[in-house]
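Trainee: Encoded as structure tokens, here's the structure I'll be asking about.
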Amino acid sequence: MSNWDWEVFFDAFPMIIQGLGITVGLTIACYIFALIFGFFWTVADRIPIKPIHWVIRWIMEFIRSTPPLVQLFFIFYAWPVVPYVGVALDPFTSAVIGLGLHYSTYISEVYRSGIEGVAPGQWEASTALNLSTKQKWMKVILPQAIPPTIPMLGNYLIIMFKEVPLASTIGVVGILHLANDYGAQYWRYLEPLTIVAILFLVLSYPSAILINKLEKKMNQRFNKKDVLEETKGAAI
Amino acid sequence: MISTLIDTIIDVFPILMKGMKITIVVLVLSSIFAYLFAFIAGLCRMSQNVLLRKFTGFYVEVFRGTSLIVQLFWLYYAIPMLFGFDLGSDMLAGVLAIALNYGAYMSEIVRGSILSVAEGQTEAATALNMSRFQRMRLVILPQAIRMMLPEFGNYLILMLKSTSLVALIGMTDILYYGNILRGGNISQGPTIYLLVLVFYFILALPLIALTKKLEKMSKKGVAVQ
Numbered sequence: 002m003s004n005w006d007w008e009v010f011f012d013a014f015p016m017i018i019q020g021l022g023i024t025v026g027l028t029i030a031c032y033i034f035a036l037i038f039g040f041f042w043t044v045a046d047r048i049p050i051k052p053i054h055w056v057i058r059w060i061m062e063f064i065r066s067t068p069p070l071v072q073l074f075f076i077f078y079a080w081p082v083v084p085y086v087g088v089a090l091d092p093f094t095s096a097v098i099g100l101g102l103h104y105s106t107y108i109s110e111v112y113r114s115g116i117e118g119v120a121p122g123q124w125e126a127s128t129a130l131n132l133s134t135k136q137k138w139m140k141v142i143l144p145q146a147i148p149p150t151i152p153m154l155g156n157y158l159i160i161m162f163k164e165v166p167l168a169s170t171i172g173v174v175g176i177l178h179l180a181n182d183y184g185a186q187y188w189r190y191l192e193p194l195t196i197v198a199i200l201f202l203v204l205s206y207p208s209a210i211l212i213n214k215l216e217k218k219m220n221q222r223f224n225k226k227d228v229l230e231e232t233k234g235a236a237i
Numbered sequence: 021m022i023s024t025l026i027d028t029i030i031d032v033f034p035i036l037m038k039g040m041k042i043t044i045v046v047l048v049l050s051s052i053f054a055y056l057f058a059f060i061a062g063l064c065r066m067s068q069n070v071l072l073r074k075f076t077g078f079y080v081e082v083f084r085g086t087s088l089i090v091q092l093f094w095l096y097y098a099i100p101m102l103f104g105f106d107l108g109s110d111m112l113a114g115v116l117a118i119a120l121n122y123g124a125y126m127s128e129i130v131r132g133s134i135l136s137v138a139e140g141q142t143e144a145a146t147a148l149n150m151s152r153f154q155r156m157r158l159v160i161l162p163q164a165i166r167m168m169l170p171e172f173g174n175y176l177i178l179m180l181k182s183t184s185l186v187a188l189i190g191m192t193d194i195l196y197y198g199n200i201l202r203g204g205n206i207s208q209g210p211t212i213y214l215l216v217l218v219f220y221f222i223l224a225l226p227l228i229a230l231t232k233k234l235e236k237m238s239k240k241g242v243a244v245q
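Taken in sequence, the protein lines are chains A and U. Using this note's numbering, the first residue of the first sequence is number 2, and each one after it goes up by one. Using this note's numbering, the first residue of the second sequence is number 21, and each one after it goes up by one.
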């Protein structure tokens with residue numbers, strides 16, 4: 002540990018922490034983009050026309066199984082020179098679209114699992130009660146589909162936070178970018194990069210514990226409710 | 021326009037193929053080590069030794085709590101400064117970063133699967149006078165590994181995607197050559213990066229098929245609860 006220098010540590014810390022706002026802001030922006038776009042994938046995936054369904058599935062699979070880093074480079078470096086539709090985007094917007102799009106395919110799977118988790122009897126009951134499509138979704142399916150997905154969605158927020166430093170490669174000035182700048186300027190990488198690691202750990206570890214607790218609570222609540230419902234049915 | 025596009029693809033294809041080798045080597049090495057770390061860490065976290073348990077817990081939480089890209093840079097730039105020696109090569113830094121990161125994630129799967137093997141199995145094995153080691157090797161692990169397989173397949177695809185990060189530390193993988201090609205001819209950028217993406221997708225396809233197969237395998241012959 003002879004090469005560790007506390008002076009460098011305290012010199013770099015205030016500089017790097019300035020990027021925390023950008024990093025957290027980008028996380029939230031990417032996350033909202035992914036939540037909204039994931040919804041579109043879920044809807045598009047339910048189109049009952051076979052060829053369209055097929056194309057959508059393959060596009061999703063393509064986005065999901067190729068590296069987000071390459072997707073970022075494509076959007077930032079290559080998109081501006083695409084004929085007719087290309088526009089130059091600033092690094093932040095590129096990162097929101099790139100990472101948001103990548104994770105929207107994962108989020109859409111979460112939505113799908115939520116919808117498919119609703120018992121088939123619920124669908125049949127809605128049909129038997131002659132509910133309209135809107136009533137069926139708003140009153141029966143979604144209220145049951147959304148709550149179980151909340152912990153999973155929370156997990157993706159943490160995953161997103163840890164993926165956001167990828168955006169430093171296209172010039173988003175978050176904490177990793179500032180640490181690299183510091184390293185390049187003074188040729189000290191050890192302390193700045195350690196600061197970045199500590200900041201990530203300090204922010205993501207407690208959130209992970211929180212999500213875990215939430216998940217346990219959710220499970221408890223829903224299991225209890227099920228039991229309650231069953232006993233009710235038996236009494237009648 | 022179509023003909024220039026085809027010309028570009030014909031020009032670019034063999035150069036990207038050169039990077040394929042490094043991508044595959046990094047994927048194979050890092051996945052082998054990641055599975056190894058996952059088993060070691062997963063088993064150590066259930067050890068009776070408190071110190072060992074705490075230490076592995078620390079490793080898992082640190083590597084799960086920070087980004088892979090930060091870990092990679094840390095191993096590549098910071099380790100030589102901290103200890104005054106190089107890791108020797110960028111290959112070692114790249115493979116180690118990916119393996120340590122995904123090993124930490126997968127150790128949780130190893131632990132979870134072992135814990136979810138029904139308790140009666142352990143009791144039955146004890147009743148048959150098996151030693152702790154025999155119990156694990158002959159009774160628990162064969163059932164637990166089956167549960168791990170689908171997740172292991174998923175993580176293999178994630179590891180393939182993360183191999184693209186090694187281009188950032190100067191390794192000559194697919195993305196590295198893609199970046200160089202784009203630097204040479206900016207107007208061809210879209211074709212080049214799309215082709216890079218297609219390369220990764222082609223590598224991912226067998227892994228996706230494998231994961232689906234593993235899912236089927238893990239379900240086969242198991243009573244639905």
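No residue lacks a Cβ here, since even glycine has one placed at the ideal position from N, Cα and C. If you're wondering where the values come from, they're calculated on a predicted model, not measured in any experiment.
Between F38(A) and the rest of its own chain, which residues show a CB-CB distance below 7 Å, the 5 nearest in sequence each way excluded?
Mentor: Same-chain partners within the cutoff: G101, L102 and S105.
Trainee: Note down the Cα distance separating I189(U) from I142(A), rounded to an integer number of angstroms.
Mentor: Whole-angstrom Cα-Cα distance: 48 Å.
Trainee: Check whether the region 7-27 of chain A and the region 184-201 of chain A touch, using three or more Cβ-Cβ pairs below 8 Å as the test.
Mentor: They touch, by the three-pair rule.
Trainee: Spell out whether any CB of chain A is found under 9 Å from the CB atom of M101(U).
Mentor: Chain A contact via Cβ: present.
Trainee: With C-beta atoms as the reference, is F40(A) less than 9 Å away from Y112(A)?
Mentor: Yes, Cβ-Cβ distance for F40(A) and Y112(A) is below 9 Å.
Trainee: Give the secondary structure of M61(A) by DSSP, where H, G and I count as helix, E and B as strand, and everything else as coil.
Mentor: Helix at M61(A).
Trainee: Any idea if A129(A) is buried or exposed, counting beta-carbon neighbours within 10 angstroms, 16 or more meaning buried?
Mentor: It is exposed - the Cβ of A129(A) has fewer than 16 other Cβ atoms within 10 Å.
Trainee: In chain A, which residues lie with their C-beta within 9 Å of the C-beta of R202(U)?
Mentor: F74, Y78 and A79, listed in chain order.
Trainee: Note down the Cα distance separating E41(U) from V32(U), rounded to an integer number of angstroms.
Mentor: Correcting the residue type first, residue 41(U) is Lys in the shown sequence and not Glu. Distance between the alpha carbons of K41(U) and V32(U) is about 16 Å.
Trainee: Since M37(U) is in the alpha helix (DSSP H), which residue starts that stretch and which ends it?
Mentor: Run containing M37(U): I22 to C64, per the alpha helix (DSSP H) assignment.
Trainee: For A198(A), return the contacting residues in chain U, with the cut-off set at a CB-CB distance below 7 Å.
Mentor: In chain order: T86, V90 and W94.
Trainee: For chain U, is any of its Cβ atoms less than 9 Å away from the one on E230(A)?
Mentor: Since pLDDT at E230(A) reaches only 46, below the 50 mark, its modelled position is unreliable, and the value read off the structure follows with that caveat. No, no contact with chain U.
Trainee: Can you pull the chain U neighbours of P166(A), defined as C-beta to C-beta under 7 Å?
Mentor: The answer, in chain order, is S87, I89 and V90.
Trainee: Whose C-alpha, out of L185(U), N205(U) and R202(U), is nearest the C-alpha of M111(U)?
Mentor: Ranking the options by Cα distance to M111(U), first place goes to L185(U).
Trainee: What in chain A is Cβ-close to I228(U), meaning under 8 Å?
Mentor: Those within 8 Å of I228(U) in chain A are E62 and S66.
Trainee: Can you give me the C-alpha to C-alpha distance between C215(U) and W138(A), rounded to a whole angstrom?
Mentor: Cys is not the amino acid found at residue 215(U); the sequence shown has Leu there. Going from the Cα of L215(U) to the Cα of W138(A) covers about 41 Å.
Trainee: Show which residues of chain A have a CB atom less than 8 Å away from the CB atom of S238(U).
Mentor: Within chain A, no residue comes near S238(U); the closest Cβ sits about 18 Å away, beyond 8 Å.
Trainee: D91(A) lies in the alpha helix (DSSP H); which residues open and close that run?
Mentor: D91(A) -> no alpha helix (DSSP H), and no H or E assigned at all.
Trainee: Using 9 Å as the limit for Cβ to Cβ distance, is M219(A) near chain U?
Mentor: With 9 Å as the cut-off, M219(A) does not count as an interface residue toward chain U.
Trainee: To the nearest angstrom, how far is it from the Cα of S136(U) to the Cα of T86(U)?
Mentor: S136(U) and T86(U): Cα-Cα distance of roughly 27 Å.
Trainee: Taking just the CA atoms, how far does I99(U) sit from L191(A)?
Mentor: Their backbone Cα atoms lie some 7 Å apart in a straight line.
Trainee: Look at the Cβ atom of G20(A), then the Cβ atom of L179(A), and state whether they are nearer than 9 Å.
Mentor: Their beta carbons are under 9 Å apart, which means G20(A) touches L179(A) by this criterion.
Trainee: So that I know if they touch, is there some Cβ in chain A lying closer than 9 Å to that of G209(U)?
Mentor: Taking Cβ atoms only, chain A reaches closer than 9 Å to G209(U), which makes this a yes.
Trainee: Answer yes or no: does any C-beta atom of chain A fall closer than 9 Å to that of Y197(U)?
Mentor: Chain A contact via Cβ: absent.
Trainee: Give the residues of chain A in contact with L185(U), contact being defined as C-beta atoms less than 7 Å apart.
Mentor: Those are L70, listed as they occur along chain A.
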